[in-house]
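S.K.:
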Amino acid sequence: MSLQSIAKQMVAKGKGILAADESSGTIERKFAKVGLTSTEDNRRAYRGMLFTSPGIGNYISGAILFDETIKQKAPDGRTMVSILEAEGILPGIKVDQGTKDMEGSPGEKITKGLDGLGERLKEYATLGAKFAKWRSVITIGNGIPTDANIKQQTKDLAAYALECQKAGIVPMVEPEVLMDGGHTIERCVEASEKTLTALFEELKAAGVDISGTILKTNMMVPGKESGTRATPEQVADATVAVFKKVLPNDLPGQAFLSGGQEDVEATENLNAINKKGPFPWNLSFSYGRALQDSALKAWNGKSENIIAAQQVFLKRAKMNSLATEGKYKGE
Ligand code: 13P
7 MSLQSIAKQM VAKGKGILAA DESSGTIERK FAKVGLTSTE DNRRAYRGML FTSPGIGNYI
67 SGAILFDETI KQKAPDGRTM VSILEAEGIL PGIKVDQGTK DMEGSPGEKI TKGLDGLGER
127 LKEYATLGAK FAKWRSVITI GNGIPTDANI KQQTKDLAAY ALECQKAGIV PMVEPEVLMD
187 GGHTIERCVE ASEKTLTALF EELKAAGVDI SGTILKTNMM VPGKESGTRA TPEQVADATV
247 AVFKKVLPND LPGQAFLSGG QEDVEATENL NAINKKGPFP WNLSFSYGRA LQDSALKAWN
307 GKSENIIAAQ QVFLKRAKMN SLATEGKYKG E
């Protein structure tokens, strides 16, 4: 399959991506919230439960996996990858290796993972990965983000994207302006616009084929500790305005992260954004928390809860599927 056709399939109308690529530390924290221990068996049972939800392929085009999961078998003995493929879902893989503090800039992070990336991508391609994800976090605070941080992070995203395309894998480039903090929506707009402008400059300079690339970024929202919440209309207006300025027309699509929004809020905002279309690019979702949190609670590690948890998960997937076409009418 060509990079372009994979990318188009990832953001097809009515579908979106399930981010199930929590690193060991993140899944441990998520499980702890519902009183579960993060053992390999629990992780297998949980992800197996999500991926075998009946009809998942009607709403989900791709699933991002962690290294363990792309090599893992589900409780029913099939590989996780073959379960996804049987539903027509593209397997994806997280290839960044987390973040480290940026030298000389307290409070800012740099994403790790370029060392040996080409070799890892080759292996993931043989395991069935059709796309990959690399997440860079941009923090808003006193005097940050700095231009130096944005420059390095977008350069690294471009280097990663080029390696992916060489391996026949579609890069999902994820610059995430974090919701953490008490900042206004205007500061989110400013940081996002700067970051996305730099990102597309770096991608072009590196020779990355934009038509075989998917963007994954944040909506324009105020900080979590700002004490305010923007309405879906305000989020949509601000987000679409930034995208119209900076996204190239040959980008096939953009799949939002949920970033700490409540699950219904993330659906309402996506719907409001798509009501402003049509756009040159498809605007879809690649949610982790907003697709999974309620299902994880419903499952709670118990096999007798699997069917109920799958229904909760499928409902969120369906609501977001409707929102990719601006057809969501409430719960
Ligand atoms: P959230 O939707 O929970 O932000 O996760 C998406 C993701 O993959 C972040 O890298």
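If you want the numbering used here, it's the position in the sequence shown, counting the first as 1, plus 6. Heads up, the beta-carbon is just placed ideally off N, CA and C, and yes, glycines get one too.
(1) Would you kindly work out how many angstroms separate the C-alpha atoms of residue 71 and residue 98, rounded to a whole number?
(2) For residue 107 and residue 195, I'd like the C-alpha separation in whole angstroms.
(3) Under 9 Å between the Cβ atoms of residue 224 and residue 273?
(4) Taking residue 91 and residue 134 to be in contact with their CB atoms under 8 Å, please state how far apart those CB atoms are, rounded to whole angstroms.
(5) Report the option in 261, 204, 167 whose CA atom is closest to the CA atom of residue 216.
(6) If I'm right that residue 269 touches residue 296 with Cβ under 8 Å, what's the distance once you round it to whole angstroms?
(7) Assuming residue 238 is part of the alpha helix (DSSP H), what are its boundary residues?
(8) Is the distance from the Cβ of residue 183 to the Cβ of residue 144 below 9 Å?
(9) Tell me the residue span of the alpha helix (DSSP H) that contains residue 141.
(10) Buried or exposed for residue 7, please, with buried defined as at least 16 other CB atoms from any protein chain shown within 10 angstroms of its CB.
(11) Please name the residue or residues paired with residue 352 in a DSSP beta bridge.
(12) The ligand 13P heavy atoms versus the CB of residue 141: any closer than 8 Å?
(13) Return the residue from the list 41, 119, 100 that minimises the CA-CA distance to residue 294.
(14) Taking contact to mean 3 or more Cβ pairs, one atom from each stretch, closer than 8 Å, check whether the region 260-267 and the region 307-319 are in contact.
(15) Counting along the chain, where does the alpha helix (DSSP H) carrying residue 62 start and finish?
(16) So the beta strand (DSSP E) residue 8 belongs to, where does it begin and stop?
(17) Between residue 322 and the ligand 13P, is the CB less than 8 Å from at least one heavy atom?
(18) I need the straight-line Cα distance from residue 213 to residue 305, nearest angstrom please.
(19) When you measure from the CB of residue 222 to every non-hydrogen atom of the ligand 13P, does any distance come out below 8 Å?
(20) Is it the case that the region 141-155 contacts the region 113-120, given that we only count it when at least three CB pairs across the two stretches are under 8 Å?
(21) DSSP has residue 68 in a bridge; who is on the other side?
(22) Can residue 264 be considered in contact with the ligand 13P, in the sense that its beta carbon sits closer than 8 Å to one or more heavy atoms?
(23) Checking the sheet assignment: what are the DSSP bridge partners for residue 292?
(24) Counting only the same chain and skipping the five closest in sequence on each side, list residues whose C-beta sits under 8 Å from that of residue 81.
(25) Give the straight-line distance between the Cα atoms of residue 60 and residue 24, rounded to the nearest whole angstrom.
(26) Beta-carbon separation of residue 258 and residue 86 under 9 Å?
(27) Can the beta-carbon of residue 65 be found less than 9 Å from the beta-carbon of residue 22?
(28) Within the same chain, show all residues whose beta-carbon is closer than 6 Å to that of residue 232, passing over the 5 residues directly before and after it, in chain order.
(29) Would residue 289 pass as a contact of residue 252 if the rule is Cβ separation under 9 Å?
(30) Can you tell me whether DSSP reads residue 221 as helix, strand or coil?
M.R.: Working from what's here:
(1) 6 Å
(2) 24 Å
(3) no
(4) 7 Å
(5) 167
(6) 4 Å
(7) 238-252
(8) yes
(9) Unbroken run through residue 141 is the beta strand (DSSP E), 137-144; no alpha helix (DSSP H).
(10) exposed
(11) The requested residue 352 is not part of the displayed model; the chain covers only 7 to 337.
(12) yes
(13) 100
(14) no
(15) Segment: none, residue 62 is in no alpha helix (DSSP H) and carries neither H nor E.
(16) First-last for residue 8: undefined, no H or E at that position.
(17) no
(18) 45 Å
(19) yes
(20) yes
(21) 23, 96
(22) yes
(23) 23
(24) 50, 51, 54
(25) 15 Å
(26) no
(27) yes
(28) 188
(29) no
(30) strand
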